[in-house]
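Q: Add 144 to a position in the sequence shown, counting from 1, and you land on the number used in my numbering.
Got a structure for you, questions after.
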Amino acid sequence: MDNQGKAHNKLAGNALSGMVATVIYMVSRLLLTPFILHYLSLEEFGLWSLCFIILSYAGMGGFGVNSTYIRYSARYLAEGKSEEISKLLSTGVAYMLSFSMLFCSLLYLIMPFLLERFNIKPEQQDLASTIFLGTAAVFSLELTLGGFRFIINGMHEFAKEKIVSTVAGLIEIIAIITFLALGSGVKGLLYAFAFRLLLETAGYWKIARTLLPSLKISATLISREHFHLFVGFGGKVQILGILGIFLSALDRLFITAIAGLSAGGMFEIGRKLPSTAGMISSSVFAPFLSTAAHLDGSWTGNMNDPLSNRIKTYVHIALVAITLGIIPVIFLVPLQQFLPVSNLILVPAATIIFLYLFFRLQQKQKYYNKINSSELKELYLNGIRFTNIISSTLFVFLIAMAHPIIDAWVGTKYIEAANVMIFLSIGYSIQLSTGAITMIFRGIDRNGRELEYMLVQVLLMVIWIPAATTAYGLIGSAAAIACSSMVSTLFLFWRSNYTFQVRPKEFISRTLLPICVTFFPASAIYAITLFFPTTGRIAGIIQVMVCGIAYTLLSCALFWTTVLNSSEKRKAMELLPFKQKRA
């Protein structure tokens with residue numbers, strides 16, 4: 145079998161391994177937290193949490209680098225240029241070492257400011273400095289040597305990488321328990337963190353050398369050409385990653401500023417479970433980048449698309465999003481008193497401008513180049529299809545059981561959080577269907593589509609969330625988030641379908657109709673909660689668990705009998721552990 149066939153066939157297993165590893169990590173950390181709090185005070189635990197808030201800013205420096213490793217190691221493997229992977233790795237290590245040294249130096253210099261800014265008591269400042277700088281040093285080492293991990297991903301061996309990270313993570317838990325029991329306090333968490341990093345790095349290095357015996361790191365292999373890859377392609381992904389972080393925090397900023405801290409807390413309760421479900425669904429995305437990079441594909445058409453034209457397109461799309469965003473805001477009755485002119489004038493004017501701009505964009509799109517690759521087209525459709533199957537299974541359950549889940553989890557005083565969870569589950573489930581698409585575009589080095597999608601989403605959120613929060617409070621905020629996710633996702637579908645030459649009928653039947661399967665078991669468990677309401681937390685937990693098991697079994701049975709085709713069923717059976725053991 146050729147390299148392209150191997151890359152495609154490993155996709156399902158790689159995606160499944162990512163999802164399983166994420167579930168194991170989340171469950172283990174959830175169970176570990178009470179044990180940690182038994183040995184640490186809230187102040188010490190808060191100090192440890194603060195470390196990773198600070199480190200998250202350094203982590204942004206790795207967004208583009210990680211994707212560069214994955215994309216170009218996959219391309220070099222496909223082209224038979226394995227010697228270039230050593231140059232890529234050596235240059236990446238030098239690049240991230242420089243970044244890490246700069247970050248640690250800046251952190252050391254601003255340490256007095258941080259200690260004062262976060263109101264750390266004088267008697268805890270020495271400990272805080274040690275923890276901050278220690279975790280920064282360990283994290284910097286992880287950033288510097290993380291290339292081994294992502295080169296393994298680029299060679300389509302995600303399952304092996306996930307085995308290493310999962311085993312190292314479980315050993316870290318044992319180390320945490322041991323260090324805490326020995327009285328190491330919060331420093332024990334640092335020691336365990338460093339121990340896990342050493343185990344992971346050794347494991348990744350061994351696997352990478354096994355897959356590619358010629359792989360090595362040397363100062364003589366550092367090249368300007370590969371440095372340009374990290375700055376060029378990596379820089380574009382870096383910007384997208386920072387925009388993503390901005391988007392993830394934007395809703396909470398608006399809600400807290402407009403509706404107050406209590407509304408922000410209620411929103412956080414309603415957001416918790418959809419966010420967790422989103423992490424499980426999004427864990428399947430990473431293999432699409434390396435697979436798309438490996439497949440690559442040719443383009444039809446001769447349209448020249450210089451930077452100036454792309455900027456004009458982004459401005460055009462921004463104007464389309466702004467005019468579309470204004471139209472529903474005009475209909476919000478509580479806001480109509482602030483309009484400069486009558487809504488009878490504004491609505492037709494905004495609608496005409498929107499339709500004109502959208503029509504012009506549609507006409508312009510006809511001249512764009514298209515992907516001429518049946519493999520990438522299948523990857524695109526299957527990516528959305530399987531993401532929707534996973535997401536609908538998780539989120540439709542959260543929608544149907546929102547009120548019983550919230551009642552069982554935090555009590556009956558948080559009804560509004562359940563309504564928030566319903567809207568966010570709708571929005572997140574729709575938004576997650578874009579994950580595979582954006583990874584594929586990164587893999588073929590066409591990041592502009594992802595930027596367009598994020599541009600539409602951020603503009604709609606900036607217009608709709610403040611307006612809806614002012615008019616209808618927290619529920620309005622959640623509805624605005626769901627609507628902005630829906631519209632921006634539909635926009636990306638429209639643009640991407642043209643690029644991959646997918647007709648609307650084919651797209652709907654392959655990717656959207658499977659979602660409907662979960663509506664039937666969801667309706668059944670929703671009816672159960674209506675006709676058999678529970679009282680008390682224990683009874684509520686039991687009802688949620690029983691309904692969850694029944695819903696999962698029914699959904700899987702319906703997917704198997706009505707959605708999956710013969711090749712998909714065969715692939716699913718191949719992924720089962722007991723089938724592999726028999727083979």
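For every residue, glycine included, the Cβ atom is placed at its ideal position computed from N, Cα and C.
Between which two residues does the alpha helix (DSSP H) holding residue 360 run?
A: No alpha helix (DSSP H) holds residue 360; DSSP gives it neither H nor E.
Q: Looking at the unbroken beta strand (DSSP E) that takes in residue 515, where does it start and where does it end?
A: Per DSSP, residue 515 belongs to the beta strand (DSSP E) from 514–516.
Q: CA-CA distance, residue 209 and residue 382?
A: Distance between the alpha carbons of residue 209 and residue 382 is about 8 Å.
Q: By DSSP, does residue 725 sit in helix, in strand, or in coil?
A: Note that residue 725 has pLDDT 46, beneath the 50 cutoff, so the model's placement of it is unreliable and no number is given.
Q: Look at the alpha carbon of residue 374 and the alpha carbon of residue 212, and state the distance between them as a whole number of angstroms.
A: Roughly 6 Å between the two C-alpha positions.
Q: Count the other CB atoms within 10 Å of the CB of residue 547; is the residue buried (16 or more) or exposed (fewer)?
A: Buried.
Q: Classify residue 709 as buried or exposed, calling it buried when 16 or more other Cβ atoms lie within 10 Å of its own Cβ.
A: Exposed.
Q: DSSP on residue 177, reduced to helix/strand/coil?
A: Helix, per DSSP.
Q: In its own chain, which residues sit with a C-beta less than 6 Å from the C-beta of residue 702, not counting the 5 before and 5 after it?
A: Around residue 702: 661.
Q: Can a CB atom of chain D be found closer than 8 Å to the CB of residue 375?
A: Absent here is chain D; the protein component of the structure consists of one chain.
Q: Quick check: what's the CA-CA separation for residue 534 versus residue 476?
A: Cα-Cα distance, rounded: 35 Å.
Q: Residues in its own chain within less than 6 Å of residue 600 by CB, not counting five upstream and five downstream?
A: So the qualifying residues of the chain are 465, 632, 635.
Q: Within the continuous beta strand (DSSP E) that includes residue 442, where are the two ends?
A: First-last of the beta strand (DSSP E) with residue 442: 442–444.
Q: Is the segment 233–249 touching the segment 282–299, taking contact as three or more C-beta pairs under 8 Å?
A: They touch, by the three-pair rule.
Q: Check residue 460 in the structure and name its three-state DSSP category.
A: Three-state DSSP puts residue 460 in a helix.
Q: Can the beta-carbon of residue 640 be found closer than 8 Å to that of residue 581?
A: Yes, the Cβ-Cβ distance between residue 640 and residue 581 is below 8 Å.
Q: Nearest CA to the CA of residue 495: which residue from 472, 275, 629, 399?
A: Of the candidates 472, 275, 629, 399, the one whose C-alpha sits nearest the C-alpha of residue 495 is 472.
Q: To the nearest angstrom, how far is the alpha carbon of residue 509 from that of residue 652?
A: Taking the straight line joining both Cα atoms gives about 21 Å.
Q: What is the DSSP secondary structure of residue 286, reduced to helix, strand or coil?
A: Reduced to three states, the DSSP call for residue 286 is helix.
Q: Using 8 Å as the Cβ pair cut-off and three pairs as the minimum, do the segment 177–191 and the segment 360–372 touch?
A: Cβ pair count under 8 Å is below three, so no.
Q: Where do the ends of the alpha helix (DSSP H) carrying residue 642 lie?
A: From DSSP, the alpha helix (DSSP H) with residue 642 extends over 592–643.
Q: Does the segment 499–506 come within contact of the segment 620–630, defined as at least 3 CB pairs closer than 8 Å?
A: Short answer: they don't touch.
Q: Quick check on residue 507: buried or exposed, where buried means 16 or more other Cβ atoms within 10 Å of its Cβ?
A: Residue 507 should be labelled exposed.
Q: Pick from 282, 195, 380: whose alpha carbon is nearest that of residue 245?
A: Comparing Cα positions, the closest option is 282.
Q: How close, in whole Å, do the beta carbons of residue 183 and residue 313 come, if the pair is a contact with beta carbons under 8 Å?
A: At roughly 19 Å, the Cβ-Cβ gap does not stay under 8 Å, so residue 183 and residue 313 are not in contact.
Q: Could you name each continuous alpha helix (DSSP H) segment of 4 residues or more that falls completely within the segment 198–262, going from the start of the chain to the end?
A: For the segment 198–262, whole alpha helix (DSSP H) runs of length 4 or above, ordered along the chain, are 207–222, 227–253, 255–261.
Q: Would residue 550 be called buried (16 or more neighbouring beta carbons within 10 Å of its own) or exposed?
A: So residue 550 ends up on the buried side.
Q: Buried or exposed for residue 727, please, with buried defined as at least 16 other CB atoms from any protein chain shown within 10 angstroms of its CB.
A: Because the pLDDT of residue 727 is 43, which lies under 50, any placement of that residue in the model is unreliable, and the question is left without a value.
Q: From residue 366 to residue 247, what distance separates their C-alpha atoms?
A: If you take the alpha carbons of residue 366 and residue 247, they lie about 22 Å apart.
Q: Going by C-alpha distance, which of 377, 161, 180, 622 is nearest residue 591?
A: The option with the nearest alpha carbon to residue 591 is 377.
Q: What are the boundary residues of the alpha helix (DSSP H) that includes residue 553?
A: Counting along the chain, the alpha helix (DSSP H) containing residue 553 begins and ends at 546–554.
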